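A.B. asks: Encoded as structure tokens, here's the structure I'll be asking about.
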Amino acid sequence: MALPQYLQLQIVSADRSLVNERVDEVEIPGADGYFGVLPGHTPLLAVLGVGDLWYRQGQDTHHLAIAFGFAEVQPDGVTILAQVAETAEEIDVARAEGAKKRAEERMVTPAADMDFERARVALMKALIRLQVAARARIRS
Amino acid sequence: MPSLIDLRRRIRSVKNTQQITKAMKMVSAAKLRRAQERIVNARPYAVQMQRVLASVASRVDPSIHPLLAVREPRPESKTLVVIVTGDKGLCGSFNTNVIKAAGGFIGSSHDTCVLGLVGRKGRDYFGRRGFEVLFDTIGLFQKLRYQDAQAIAQTAMEAFIGGKVDRVVLIYNEFKSVMTQRVVVEQLLPIRRGDVDDSSLAGAPPNQTDYLYEPSAQEIFNQLLPRYIEVQVYRALLESNAAFFAAQMTAMDTATKNSADMIADLTLYMNKVRQAAITREIIEVVSGAQAL
């Protein structure tokens, strides 16, 4: 059986659809680490973590910040069901900086009733957003 | 025959009503636009989720997760019926349709029905009729958030897993277009396994029949299935919300048109009365002059 030449990438978050395009390669932040997908990948169902998702179309790469959700991989397509997803261009850097600072403060001076896990997730989300936004700025 | 002044008063009052219905139509049109945008944006996620789940669920053993388990009908088995109505009236047959459909479902069901009521109208109707009510929420639609859907889904799943109910059904108005809403009765739990996929699977090459799971199938199902239920509830709420404003807009549009008709009729009648009065006065004057 001939391998498919491209992947149909679909990224949807709970309130909108972000990407629906033909791509050559995708790297996905799984819960247990990043993994790359090329056309012809074996069917896979994965839980997503917090991270930087990128996909390549020819020479162009695009970055997105992703937090939680699921990925379904088929030989000729990838479907991402993300809880939170933002493209690099639309990330609000100032807000992410603020969130990072707040999360850091909370972790440094823990209150009695603090949810450490929540603070950690918030910090991770903020860091990923900043990282993705920085990548987009380098390119442009 | 009513006097001229009475008629004028009547026309003015109808005009006032017309202004109110016109304003309400405008308001619901604006709200509808926002609600419609939300449901249109939320649909791709729900649809993709359903597709993924259908293809996955048809390949695994139902015993892998309690939410997939289909239970044998027993004499004492119960069904949780979640009924989504609006919080307000003035929306044509929107609430009546859901309530009627729900009543029909409960009447024809073999199981005892336990109710979950979303929206004030449903709560008012069913709350008074002596049904067992598991939960009710009102004022949800003023600011519809994902967390609200999450809470409802959570309650339903707990009741299902805890064995309090054997089936969960969702009844709501689906937003088809601005002019039409359709009442939908949907089984939420146990999750229906993709019966369509089963047939298409038979001809599929063997290397596509199973997935790799990361981290593990169990882990993924633990996360995916509750999420799926939440998304379905969320979508139902958004659908109902958009349908409500569409129904309200249509109802208010009809009301505005009706009052315009009424004003036209009343004005015609008033003019006839006026003319009759003038004619009578002239006759009185003329006959008075002849008598001299």
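Chains A and B supply the protein sequences, listed in that same order. Note that numbering that gives the first Met the number 0 numbers the first sequence so that position 28 is 27, with each residue one more than the last. Note that numbering that gives the first Met the number 0 numbers the second sequence so that position 99 is 98, with each residue one more than the last. Backbone N, C-alpha and C fix where the C-beta goes; we use that ideal spot for every residue, glycine too. Given the structure is predicted, the values throughout are model-derived calculations rather than measurements.
In chain A, which residues lie less than 8 Å from B:I190 when you measure between Cβ atoms?
C.D. replies: Here residue 190 of chain B corresponds to residue number 191 of the second sequence, with the count starting at 1. The premise fails here: B:I190 is roughly 15 Å from chain A at the closest Cβ pair, so nothing lies under 8 Å.
A.B. asks: Using a Cβ-Cβ distance cut-off of 7 Å, determine whether A:V83 contacts chain B.
C.D. replies: Position 84 of the first sequence, counted from the start, is the residue given in the question as residue 83 of chain A. Judged by the 7 Å Cβ criterion, A:V83 is not in contact with chain B.
A.B. asks: At what residues does the beta strand (DSSP E) containing A:S16 begin and finish?
C.D. replies: Here residue 16 of chain A refers to the residue found at position 17 of the first sequence. Taken as a continuous stretch (DSSP letters only), the beta strand (DSSP E) holding A:S16 covers 15-22.
A.B. asks: Have a look at B:K14 and B:S258 and give me their C-alpha separation to the nearest angstrom.
C.D. replies: Mapped onto the second sequence, residue 14 of chain B falls at position 15. Mapped onto the second sequence, residue 258 of chain B falls at position 259. Their backbone Cα atoms lie some 7 Å apart in a straight line.
A.B. asks: So if I threshold CB-CB distances at 9 Å, which residues from the segment 77-102 of chain B count as touching chain A?
C.D. replies: Answer set for the segment 77-102 of chain B: empty.
A.B. asks: B:S358: buried (16+ other C-beta within 10 angstroms of its C-beta) or exposed?
C.D. replies: Outside the modelled stretch of chain B, which goes from 0 to 291, sits residue 358 of chain B, for which no answer is possible.
A.B. asks: With distance defined between alpha-carbon atoms, name the residue in B:A263, B:V55, B:T78, B:T249 nearest to B:G88.
C.D. replies: The residue given as residue 88 of chain B occupies position 89 in the second sequence. With distances taken between Cα atoms, B:G88 lies closest to B:T249.
A.B. asks: Along the chain, which unbroken stretches of the alpha helix (DSSP H) at least 4 residues long are found entirely within the segment 31-86 of chain A?
C.D. replies: None, since the segment 31-86 of chain A contains no complete alpha helix (DSSP H) of that length.
A.B. asks: Evaluate B:S54 with the Cβ neighbour count: other Cβ atoms within 10 Å of its Cβ, from every protein chain shown; 16 or more gives buried, anything less gives exposed.
C.D. replies: The residue given as residue 54 of chain B occupies position 55 in the second sequence. Buried, by the Cβ-count rule.
A.B. asks: Residues in the same chain with beta-carbon distance under 6 Å from A:Q141, minus the five sequence neighbours each way, listed in chain order, please.
C.D. replies: This structure leaves residue 141 of chain A out entirely; chain A is present only between 0 and 139.
A.B. asks: Straight-line CA distance for B:L224 to B:M48?
C.D. replies: Numbered from its first residue, the second sequence carries residue 224 of chain B at position 225. Numbered from its first residue, the second sequence carries residue 48 of chain B at position 49. B:L224 and B:M48: Cα-Cα distance of roughly 10 Å.
A.B. asks: If we ignore side chains and look at the alpha-carbon of each, how far apart do B:L291 and B:T20 end up?
C.D. replies: Mapped onto the second sequence, residue 291 of chain B falls at position 292. Mapped onto the second sequence, residue 20 of chain B falls at position 21. Straight-line Cα distance between these residues: approximately 57 Å.
A.B. asks: Please report the straight-line C-alpha distance between B:A201 and A:L43, rounded to a whole angstrom.
C.D. replies: Start at 1 with the first residue of the second sequence, and residue 201 of chain B comes out as number 202. Start at 1 with the first residue of the first sequence, and residue 43 of chain A comes out as number 44. Because the pLDDT at B:A201 is just 42, under 50, the model does not fix this residue reliably, and the point stays unresolved.
A.B. asks: Please report the residue range of the beta strand (DSSP E) in which A:I90 lies.
C.D. replies: Here residue 90 of chain A is taken as the residue at index 91 of the first sequence, counted from 1. Unbroken run through A:I90: none, as it is neither H nor E.
A.B. asks: For B:Q18, count the other beta carbons within 10 Å of its own beta carbon; 16 or more makes it buried, fewer makes it exposed. Which is it?
C.D. replies: Along the second sequence, one-based indexing puts residue 18 of chain B at 19. That one is exposed.
A.B. asks: Using the beta-carbon of each residue, which ones in chain B are nearer than 9 Å to A:E142?
C.D. replies: Residue numbering for chain A in the displayed model covers 0 to 139; residue 142 of chain A lies beyond these limits and cannot be assessed.
A.B. asks: Can you tell me whether A:S12 is helix, strand or coil according to DSSP?
C.D. replies: For the purposes of this step, residue 12 of chain A is taken as residue 13 along the first sequence, with counting starting at 1. A:S12 falls in the strand class under three-state DSSP.
A.B. asks: Is the beta carbon of B:L31 less than 7 Å from the beta carbon of B:A242?
C.D. replies: Here residue 31 of chain B refers to the residue found at position 32 of the second sequence. Here residue 242 of chain B refers to the residue found at position 243 of the second sequence. Not closer than 7 Å, so no.
A.B. asks: Comparing the C-beta of A:L80 with each C-beta of chain B, is any distance below 7 Å?
C.D. replies: One-based indexing of the first sequence puts residue 80 of chain A at position 81. Yes, its Cβ sits closer than 7 Å to a Cβ of chain B.
A.B. asks: For the segment 40-60 of chain A, which residues have a CB atom closer than 7 Å to at least one CB atom of chain B, in sequence order?
C.D. replies: For the segment 40-60 of chain A, which is checked against every Cβ of chain B, the residues closer than 7 Å are T41, P42, L43, L44, A45, V46.
A.B. asks: Classify A:G35 as buried or exposed, calling it buried when 16 or more other Cβ atoms lie within 10 Å of its own Cβ.
C.D. replies: Taking the first residue of the first sequence as position 1, residue 35 of chain A is located at position 36. Exposed is the call here.
A.B. asks: With DSSP run on the structure shown, which of helix, strand or coil describes B:T95?
C.D. replies: As a working mapping, residue 95 of chain B is identified with position 96 in the second sequence. The answer is helix: DSSP assigns B:T95 an H, G or I state.
A.B. asks: Could you pull out every residue in the same chain whose Cβ sits closer than 6 Å to the Cβ of B:L211, ignoring the five residues on either side in sequence?
C.D. replies: Sequence index remark: in the second sequence, residue 211 of chain B carries index 212 (1-based). Cβ within range, chain order: n/a, list empty.
A.B. asks: Could you check if B:I281 is buried or exposed, using at least 16 other CB atoms within 10 Å of its CB as the buried criterion?
C.D. replies: In the second sequence, counting from the first residue as 1, residue 281 of chain B sits at position 282. The residue is exposed, with fewer than 16 neighbouring Cβ atoms inside 10 Å.
A.B. asks: Name the chain A residues whose beta carbon is nearer than 9 Å to that of B:Y145?
C.D. replies: Residue mapping note: residue 145 of chain B aligns to position 146 of the second sequence, counting from 1. In chain order: A13, D14.
A.B. asks: I need the DSSP call for A:Q7, collapsed to helix, strand or coil.
C.D. replies: Taking the first residue of the first sequence as 1, we reach residue 7 of chain A at position 8. Strand, per DSSP.
A.B. asks: Rounded to the nearest angstrom, how far is the Cβ of B:Y145 from that of A:A13, given a contact under 8 Å?
C.D. replies: For this step, residue 145 of chain B is matched to residue 146 along the second sequence. For this step, residue 13 of chain A is matched to residue 14 along the first sequence. Contact flag correct, Cβ pair sits at about 6 Å.
A.B. asks: Using DSSP with H/G/I as helix, E/B as strand and the rest coil, what is B:D86?
C.D. replies: The residue given as residue 86 of chain B occupies position 87 in the second sequence. Reduced to three states, the DSSP call for B:D86 is coil.
A.B. asks: How about A:A45 and A:G29: are their beta carbons less than 7 Å apart?
C.D. replies: Position 46 of the first sequence, counting from 1, holds the residue named residue 45 of chain A. Position 30 of the first sequence, counting from 1, holds the residue named residue 29 of chain A. Result yes, Cβ atoms of A:A45 and A:G29 sit closer than 7 Å.
A.B. asks: Exposed or buried, which one is A:E71 when buried takes at least 16 other CB atoms within 10 Å?
C.D. replies: Numbered from its first residue, the first sequence carries residue 71 of chain A at position 72. Buried is the call here.
A.B. asks: Determine the closest residue to B:G91 out of B:N172, B:F104, B:A148, B:H64, with distance taken between C-alpha atoms.
C.D. replies: Translated into positions along the second sequence, residue 91 of chain B becomes position 92. Of the candidates B:N172, B:F104, B:A148, B:H64, the one whose C-alpha sits nearest the C-alpha of B:G91 is B:N172.
A.B. asks: Which two residues bound the contiguous alpha helix (DSSP H) that contains B:G162?
C.D. replies: As a working note, residue 162 of chain B is residue 163 in the second sequence. Per DSSP, B:G162 belongs to no alpha helix (DSSP H) and is neither H nor E.
A.B. asks: Does the Cβ of B:H109 have 16 or more other Cβ atoms within 10 Å, making it buried, or fewer, making it exposed?
C.D. replies: As a working note, residue 109 of chain B is residue 110 in the second sequence. Looking at its Cβ environment, which holds fewer than 16 other Cβ atoms inside 10 Å, B:H109 is exposed.
A.B. asks: Taking buried to mean at least 16 other C-beta atoms within 10 Å of its own C-beta, is A:G97 buried or exposed?
C.D. replies: For the purposes of this step, residue 97 of chain A is identified with residue 98 of the first sequence, where counting begins at 1. So A:G97 ends up on the exposed side.
A.B. asks: Starting from the C-beta of B:R70, find all residues in its chain whose C-beta is less than 6 Å away, skip the five residues before and the five after it, and write them out in chain order.
C.D. replies: Taking the second sequence and counting its residues from 1, one reaches residue 70 of chain B at position 71. Counting only Cβ-Cβ distances below 6 Å, and skipping sequence neighbours, we find D165.
A.B. asks: State yes or no: is the C-beta of A:I10 nearer than 6 Å to some heavy atom of the ligand ADP?
C.D. replies: No copy of the ligand ADP occurs in the structure displayed, which carries no ligand at all.
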